Structures are given as C-alpha cells and as structure tokens.
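Trainee: So the protein lines, in turn, are chains A and B. Numbering follows numbering that gives the first Met the number 0, in which position 57 of the first sequence is assigned residue number 56; successive positions increment by one, without gaps. Numbering follows numbering that gives the first Met the number 0, in which position 36 of the second sequence is assigned residue number 35; successive positions increment by one, without gaps. Beta carbons are placed, not taken as given, at the ideal position from N, Cα and C, and that holds for glycine. Since the model is a prediction, treat every value here as computed from it, not as a measurement.
Protein chains: 2
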Amino acid sequence: MDTGKYTGILRENGIKVTPQRLEVLRFLDENRVHPTADDIYRTLKKDNPSLSKTTVYNVLDILSKYGLVEVLTISGTESRYDYGSTRHQHFLCTSCGRIVDIHIKGLCMDCMPEKGHKVEEVHGYFKGTCRDCLKGIGA
Amino acid sequence: MDTGKYTGILRENGIKVTPQRLEVLRFLDENRVHPTADDIYRTLKKDNPSLSKTTVYNVLDILSKYGLVEVLTISGTESRYDYGSTRHQHFLCTSCGRIVDIHIKGLCMDCMPEKGHKVEEVHGYFKGTCRDCLKGIGA
DNA sequence: GTATTACGTTGTAATCATTACAGATTAGGT
DNA sequence: ACCTAATCTGTAATGATTACAACGTAATAC
Chain A
0 MDTGKYTGIL RENGIKVTPQ RLEVLRFLDE NRVHPTADDI YRTLKKDNPS LSKTTVYNVL
60 DILSKYGLVE VLTISGTESR YDYGSTRHQH FLCTSCGRIV DIHIKGLCMD CMPEKGHKVE
120 EVHGYFKGTC RDCLKGIGA
Chain B
0 MDTGKYTGIL RENGIKVTPQ RLEVLRFLDE NRVHPTADDI YRTLKKDNPS LSKTTVYNVL
60 DILSKYGLVE VLTISGTESR YDYGSTRHQH FLCTSCGRIV DIHIKGLCMD CMPEKGHKVE
120 EVHGYFKGTC RDCLKGIGA
C-alpha cells in the first residue's frame, strides 16, 4: 500500500504524520462514497482494533481544518466526509440515502452577489429521488 | 394578532388547524432569522407554558412536509427553519453564527446537469465571515 | 543517553439535538 | 353536544458528537 502519497500530503500541510491520519486519508481517497465518521471507524477498526472513535473525529477535524477533506451536512442527521475539495456539488437521494456527485457550473466562491462577506466555502445540495430509485432499482 | 392568515394557509394545504401550528407558523413568518427548534420552543413557551418541545418538532415536521417551511442543515449541528420557500440561498457566518439570506441566480431545480434524477430541493450554502465581523462589529 | 515536553491516542463519560412512545386532550364532522 | 381520529404533552430513549483524563509516543534539550 502506498502510504507515501498521504505522508507527503500531510507533510506539505505541516500536519504531523501518524498511522491513524494516514489511514483515514487513504480510506477517504479510496472510498468516494461520502462516508460517515462511524463508517470510517468501523472499517478501519478491522485492521486496527485499538482505534478509537474519538481519534477518527479528531483526525477528520484536523483534515477538514486544512481543507484536505470536505464536511457535508446535507443529510441533517450526521456529517459526511469527502476526500479533497474538488469543486463539485452533491445530490442526496431521500429514498436510498446515497449521495451522488454533481458537476454544476456557476456555483463558486466569486458568484455571491452580496458584497463584503468573505466566502470560504460553497456547498450546493440537491435532494430528491435518484435515477435508480425512480426505476425501482434502488433500496 | 391576525391568525386568519395562517388558518387559511393551513386549510389550503389540508392541514388540521391547531393553536400550536398557528403559533409556530406565525413565529417563523415574523422572525426571519432562521431559528432553531429550541429557539421557537423557548419563545412560544412564554405565552403557552404547556407547550411541549415534541410538539414543536412535530409541527415543524408537518409544515416542512407541505413545503410551508424550509429546513436548513447549513450549521451541521442543528436544523434551522425558514418560513416559506422563496427561492434564495444562505450564508453562514462562522464567526457570529448568523445566517444571512443570499439572492443568487442560476441555482434552481432545473439547473442540475445530471439527467434522470428527480430534484425536489435545492440548497445553496455559503460559509465564511460576514461583513460585520470582518469590520469587528459582529460577535 | 536520558529527562523533558508537547502532541496524539484511547476509552469512558458527558452533552445536545432529535425521536419514540404512551397517556391525556382536542379539532372537526355528525 | 357527541365521537373518533388526530394531536399534544412529558418522559424516556437514541444517536452523533464532544469533553476529559490517563496513557503512549516522538522529538528536543540537557
């Protein structure tokens, strides 16, 4: 497994490198399904039984502070985490619960008409029923 | 106090009229500050000490199901409620916690490029530091 | 090379918003 | 003025997240 990639990312941001941080970062990079903190915890705990959920929250917290992961609040009941911060939006299917990436133009840091506010994050959240659920394929 | 307005709104939507529903609806109409359920509860309890927080949640739930109020999940820690569903977006100041209305064009039900999904809600959430906090006026 | 110090991790115990539930009450039609 | 289903209330549970204190680790100073 190539942990070098993630070691470099952490170092470049001046974040101390630890196995837990590497694992969370790798997991998010390799599982682009907007997992919850608990999803991450349960999966990583398999290979590292001593992992604490508090650590997962701590790691997610620092990674998001440095912009390495994006926190999604689309579901309203729990936070979801997205690797990186490539500019894209999200669609939540209220039937199956999946979150789909949406690529929409015209929603950016500079598109806010009200002047004087300093914009640091932009989130476009769409909700409805996804293609698969409409066809009866989804959950 | 003109409860007639809100009675009409509820009746038009086939929602049974109760004092609690009228009060919540009126409060949201008259206080466009995106309050939390607890804000609503604490304020309305002053004039109606027997009000239950569960009722506030129930009322907000039915009002949002009928599109009479919009649920905002911008803060990530608690839901906030907005009267009506006039098409506008929201800016959360991470310094003072206020949510400011934003009027941006080009973010609508029909602007989603991915085809086949049925879009029922669109939320544009911006985060950063508001004008007042930048000037040192805010909290 | 060891002591010191700062930072990370862990596990448990709180917190806080929200939901579940059961019993009392009420709205709206008859 | 009933009757019945829907609503309201209060308390107890849930579930995500945070607080905190003890322990581990790694770098630095002596």
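Taking its Cβ as the centre, do 16 or more other Cβ atoms sit within 10 Å of Cys129 (chain A), making it buried, or is it exposed?
Mentor: The residue in question, Cys129 (chain A), is buried, as its Cβ has 16 or more Cβ neighbours within 10 Å.
Trainee: Distance check for Glu69 (chain A) and Ser63 (chain A), CA to CA, integer angstroms please.
Mentor: Cα to Cα, the separation comes out at about 6 Å.
Trainee: Using a Cβ-Cβ cut-off of less than 7 Å, list which residues of the stretch 27-38 of chain B approach chain A; keep chain order.
Mentor: Under the 7 Å Cβ criterion, the stretch 27-38 of chain B contributes no residue.
Trainee: I need the straight-line Cα distance from Gln88 (chain A) to Cys110 (chain A), nearest angstrom please.
Mentor: For Gln88 (chain A) and Cys110 (chain A), the distance between alpha carbons rounds to 15 Å.
Trainee: Can you tell me whether Asp109 (chain B) is helix, strand or coil according to DSSP?
Mentor: In the structure shown, Asp109 (chain B) sits in coil (DSSP, three-state: anything other than H, G, I, E or B).
Trainee: Quick one: what's got a C-beta closer than 6 Å to Val58 (chain B)'s C-beta in the same chain, skipping five residues either side?
Mentor: Here the set comprises Gln19, Arg20, Val23.
Trainee: Closest Cβ-Cβ distance between Lys114 (chain B) and chain A: below 9 Å?
Mentor: So yes, Lys114 (chain B) belongs to the interface.
Trainee: For Leu67 (chain A), would you say it is in contact with chain B, using Cβ-to-Cβ distances shorter than 9 Å as the test?
Mentor: False, the Cβ-Cβ gap to chain B never drops below 9 Å.
Trainee: If Glu146 (chain A) sits next to Lys126 (chain B), beta carbons under 8 Å apart, how far is it from one beta carbon to the other, in whole angstroms?
Mentor: Residue 146 (chain A) falls outside the range modelled here, since chain A spans only 0 to 138, and no answer is possible.
Trainee: Any C-beta of chain A sitting closer than 9 Å to the C-beta of Ile149 (chain B)?
Mentor: Since the displayed chain B opens at 0 and closes at 138, residue 149 (chain B) lies outside it and no answer follows.
Trainee: Check whether the Cβ atoms of Asp131 (chain B) and Gly83 (chain B) lie closer than 9 Å to each other.
Mentor: Cβ distance not < 9 Å, so Asp131 (chain B) and Gly83 (chain B) don't count as in contact.
Trainee: Cutting at 6 Å between CB atoms, please list the residues of its own chain near Leu50 (chain B), excluding the five before and the five after it.
Mentor: Cβ neighbours of Leu50 (chain B) beyond the five flanking positions: Leu43, Lys44.
Trainee: Does any residue of chain B bring its CB to less than 9 Å from the CB of Thr128 (chain A)?
Mentor: Output row for Thr128 (chain A): interface = yes.
Trainee: With distances taken from CA atoms, which of B:Gly135, B:Leu106, B:Tyr40 is nearest Thr85 (chain B)?
Mentor: Of the candidates B:Gly135, B:Leu106, B:Tyr40, the one whose C-alpha sits nearest the C-alpha of Thr85 (chain B) is B:Leu106.
Trainee: Can you give me the C-alpha to C-alpha distance between Lys117 (chain A) and Lys52 (chain A), rounded to a whole angstrom?
Mentor: If you take the alpha carbons of Lys117 (chain A) and Lys52 (chain A), they lie about 33 Å apart.
Trainee: If you draw a straight line from the alpha carbon of Met0 (chain A) to that of Gly96 (chain A), how long is it in whole angstroms?
Mentor: Here Met0 (chain A) scores only 49 on pLDDT, less than 50, and its place in the model is too uncertain to base an answer on.
Trainee: Taking the beta carbon of Ile123 (chain B) as the centre, do at least 16 other beta carbons fall within 10 Å, making it buried, or is it exposed?
Mentor: For the record, residue 123 (chain B) in the displayed sequence is Gly; it is not Ile. It counts as buried.
Trainee: For Tyr40 (chain A), which of A:Ser94, A:Cys92, A:Val55, A:His33 has the nearest alpha-carbon?
Mentor: Out of A:Ser94, A:Cys92, A:Val55, A:His33, A:Val55 has the C-alpha closest to the C-alpha of Tyr40 (chain A).
Trainee: Can you give me, in chain order, the residues of the stretch 6-28 of chain A that have a beta carbon less than 7 Å from any beta carbon in chain B?
Mentor: Taking 7 Å as the Cβ-Cβ cut-off against chain B, none of the residues of the stretch 6-28 of chain A qualify.
Trainee: What are the uninterrupted segments assigned as alpha helix (DSSP H) that are 4 or more residues long and contained completely in the stretch 10-42 of chain B, given in chain order?
Mentor: List check, alpha helix (DSSP H) in window: 18-29.
Trainee: Which residues in the same chain as Asp81 (chain B) place their Cβ atom closer than 7 Å to its Cβ, once the five residues preceding and following it in sequence are excluded?
Mentor: Around Asp81 (chain B): His33, Val68, Glu69, Leu71.
Trainee: Is the shortest distance between the beta-carbon of Ser78 (chain A) and the beta-carbons of chain B less than 9 Å?
Mentor: Taking Cβ atoms only, chain B reaches closer than 9 Å to Ser78 (chain A), which makes this a yes.
Trainee: Compare the C-beta of Cys95 (chain B) against all C-beta atoms of chain A and say whether one is closer than 9 Å.
Mentor: Judged by the 9 Å Cβ criterion, Cys95 (chain B) is not in contact with chain A.
Trainee: Quick one: what's Thr128 (chain A) bridged to in DSSP?
Mentor: Thr128 (chain A) is bridged to B:Lys117.
Trainee: Contact check, Ser78 (chain A) vs Gly75 (chain B) under 8 Å by CB: the rounded distance?
Mentor: Right, the Cβ-Cβ distance comes to about 6 Å (below 8 Å), so this counts as a contact.
Trainee: By a C-beta neighbour count over all protein chains shown, 10 Å radius and 16 as the cutoff for buried, is Tyr5 (chain A) buried or exposed?
Mentor: It is buried - the Cβ of Tyr5 (chain A) has at least 16 other Cβ atoms within 10 Å.
Trainee: Could you check whether the Cβ of Val70 (chain B) sits closer than 9 Å to any Cβ belonging to chain A?
Mentor: Cβ-Cβ to chain A under 9 Å: yes for Val70 (chain B).
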